[in-house]
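Asks:
Protein chains in written order, with the numbering used here: chain V, 1 to 597; chain C, 1001 to 1099.
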């Protein structure tokens, strides 16, 4: 029903005082009751109505503006001496001391103080009141859900957003982080004039402790484990450089551009050496170069990553990741842009000997590669949306892998303390914790660290409790994981060994079967050629037919379809002839009865 | 109260188990006698002096008739025993894991 009443008024009368006047009653609308509608009413009994007699509250969040703080210190100098004594003159100070010692109250005071001090010393030696009585007991393993919390966020103070590409922990305790910032997007780095990277003190997220000013943006940075003041960086233009935190922001040493990489130096790794001055670097130009900080003008050694072992640079695979385990000083591994993983030995006399086994790897660049800290035979690699775990014994296939993730994986690292755990970072900004003993099909814990893609992660080595994650916009987030993610269980190591062994064995058996099949096929193919000549049918032929499963499946499929069709046709016919069939059945029955009788 | 007696006391303190060193400072915080090296002595003298002054004033504040006689600080590496007096303060460092 549409009830409306229109009235008109001049514009000039708008807002004027209104005059009310009496007027006769006028019906504008008359709605007659509809008795039909009453039937549609349903009375509700009982009626439940909630009433609240309290004030309503709502919850709101707001992010306050970040408060910038700064640390300052004051240096005190020696003072407090009487006016006539110069603290820098040993004669005067010692004379003053002698004089004090001869003073009247001195001896008495010292004797009484000595007594009380001695009393306390004796007390301390008699009983250790702070003794922990149950130290040797194993702490109870509390079953609690694993968790992680964000401790600190280090934002790139500069306005131009750059990706935090690589993080390195200070080698001497979890105090500092070196982070390399570089825009790796194709051809977008040219306008980027800001190329500094930073060293952060983990306690102070407001300001970097040190700015590192390289000649070209740093793609990676690594603290020297032997000399904690030294850092090796790989630049976007292929040069490698050395920083010394004692000597300021600029690089103290850098390689000559003509002797450096032709592509960004994606990884630099310090070598285990007596002098602690050697490191090596890898780049997508297909070369691995060894350097010595004492003579950085040219590389000590060069390796071209040509897996055909002909040493041709045009066939070389570009290196994306490097793996080096200090306990295996001559070995190293390279993850390539093409997906292969190359295991190398530096001891080899020439390039061909240095390149050892090649693993098929991934269907895309290998972003991370790391040996297991406890079982160096096994290593993990990241690429093509999966994490794969490999065994050195098996060159054709990995022993374990995760299912492809929804978002691309960018980095992974084993937990340094727990054998069964590794961490992965993803493009959707989550950090995943995988416990292969607990669940293999999905991560044990997934932490949404930031809302933008995460690009790298680094676990603090000694405790394995802190994880630094670098994001696309240059934010580094420090995450702390719960105790049960970093304290190794009693039988964990044995279980993980068992698991790796079992998986290796399984993969080996599968490999052997595939090989046997392939051999049989090759043999039968040869056999067939022979048969054609002799015209004899051998058992090999049936095997060959089996070998073409698609054709067989297709045949089977059509056979089933045909059968079904025929069945349906027959059914239709049977339905049509039902009455006739029934009488027939009766007759048949009768017939049967007569025969039985 | 001879010099010898004082030396004796200090020597005895030094010989107790776990004692790493002692120092005696005057009310101005000047180290009078110390068994530690110069820079460590300097630091302890300056820092402990201000701490003990603060402690003394805290005690007085709470009860004006009270007096700080002794305090010790347990740290991860050692225990610092401080015996303040009107004129002089004696500080002893004792290793906690003496056993």
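Glycine included, every Cβ here is placed at the ideal spot set by N, Cα and C.
1) Is residue 120 of chain V near the ligand MG, with its Cβ less than 7 Å from a heavy atom?
2) Determine the burial state of residue 222 of chain V: buried for a count of at least 16 other Cβ atoms within 10 Å of its Cβ, exposed for fewer.
3) Check for me: the beta strand (DSSP E) holding residue 1078 of chain C runs from which residue to which?
4) Candidates V:37, V:338, V:422: which alpha carbon is nearest residue 378 of chain V's?
5) Would the segment 512 to 521 of chain V count as touching the segment 433 to 444 of chain V if we require 3 or more Cβ pairs under 8 Å?
6) Buried or exposed: residue 13 of chain V, going by 16 or more other Cβ atoms within 10 Å of its Cβ?
7) At 9 Å on the CB atoms, spell out the chain C contacts of residue 76 of chain V, in chain order.
8) Using only the alpha-carbon positions, how far apart do residue 342 of chain V and residue 306 of chain V sit?
9) Is residue 406 of chain V helix, strand or coil by DSSP?
10) Cβ of residue 1076 of chain C less than 8 Å from any chain V Cβ?
11) Which residue wins for smallest C-alpha separation from residue 474 of chain V, given the options V:197, V:146, V:315, V:137?
12) Would you mind stating whether residue 481 of chain V and residue 505 of chain V have Cβ atoms separated by less than 8 Å?
13) What number of angstroms, rounded off, separates the C-alpha of residue 471 of chain V from the C-alpha of residue 363 of chain V?
14) Any idea which residues DSSP pairs residue 558 of chain V with across the strands?
15) Would you decide whether residue 159 of chain V is buried or exposed? Buried here means 16 or more other CB atoms lie within 10 Å of its CB.
16) Taking buried to mean at least 16 other C-beta atoms within 10 Å of its own C-beta, is residue 88 of chain V buried or exposed?
17) I'd like the span of the alpha helix (DSSP H) that includes residue 152 of chain V, first residue to last.
18) So which of V:146, V:501, V:316 has the shortest CA-CA distance to residue 446 of chain V?
19) For residue 558 of chain V, count the other beta carbons within 10 Å of its own beta carbon; 16 or more makes it buried, fewer makes it exposed. Which is it?
20) Is residue 500 of chain V helix, strand or coil when you go by DSSP?
21) Ends of the beta strand (DSSP E) at residue 1094 of chain C?
22) Per DSSP, what kind of secondary structure is residue 328 of chain V in: helix, strand or coil?
23) Alpha carbon to alpha carbon, how far is residue 205 of chain V from residue 176 of chain V?
24) Using the beta-carbon count (16 or more within 10 Å), is residue 75 of chain V buried or exposed?
25) Quick one: Cα of residue 254 of chain V to Cα of residue 218 of chain V, how far?
26) Does DSSP classify residue 30 of chain V as helix, strand or coil?
27) Would you please state the rounded distance, in angstroms, between the beta carbons of residue 361 of chain V and residue 339 of chain V? I believe it to be under 8 Å.
28) Would a check of beta-carbon distances place residue 1098 of chain C closer than 8 Å to chain V?
29) In its own chain, which residues sit with a C-beta less than 7 Å from the C-beta of residue 298 of chain V, not counting the 5 before and 5 after it?
30) Output yes if chain V places a C-beta closer than 8 Å to the C-beta of residue 1041 of chain C; else output no.
31) From the DSSP output, in three-state form, read off residue 198 of chain V for me.
32) I want to verify the contact list: residues of chain C whose CB lies under 9 Å from the CB of residue 266 of chain V, in sequence order.
33) Span of the beta strand (DSSP E) holding residue 424 of chain V?
34) Mapping DSSP to helix, strand and coil, what is residue 119 of chain V?
35) If you draw a straight line from the C-alpha of residue 1096 of chain C to the C-alpha of residue 1018 of chain C, how long is it?
36) Listing by chain order, which chain V residues have their CB less than 9 Å from the CB of residue 1073 of chain C?
Replies: Working from what's here:
1) By its list of ligands, the structure shown contains no ligand whatsoever, and the ligand MG lies outside what it can speak to.
2) buried
3) 1078 to 1084
4) V:422
5) no
6) exposed
7) 1046
8) 10 Å
9) coil
10) no
11) V:197
12) no
13) 24 Å
14) Partner(s): none; residue 558 of chain V has no beta bridge.
15) exposed
16) exposed
17) Run containing residue 152 of chain V: none in the alpha helix (DSSP H); it sits in the beta strand (DSSP E), 148 to 154.
18) V:146
19) exposed
20) helix
21) 1088 to 1095
22) coil
23) 11 Å
24) exposed
25) 12 Å
26) coil
27) 4 Å
28) Per-residue confidence for residue 1098 of chain C stands at a pLDDT of 45, beneath the threshold of 50, marking its modelled position as unreliable; no derived number is given.
29) 256, 259
30) no
31) strand
32) Within chain C, no residue comes near residue 266 of chain V; the closest Cβ sits about 42 Å away, beyond 9 Å.
33) 421 to 426
34) helix
35) 7 Å
36) Residues of chain V passing the Cβ test: none, with the nearest at roughly 12 Å.
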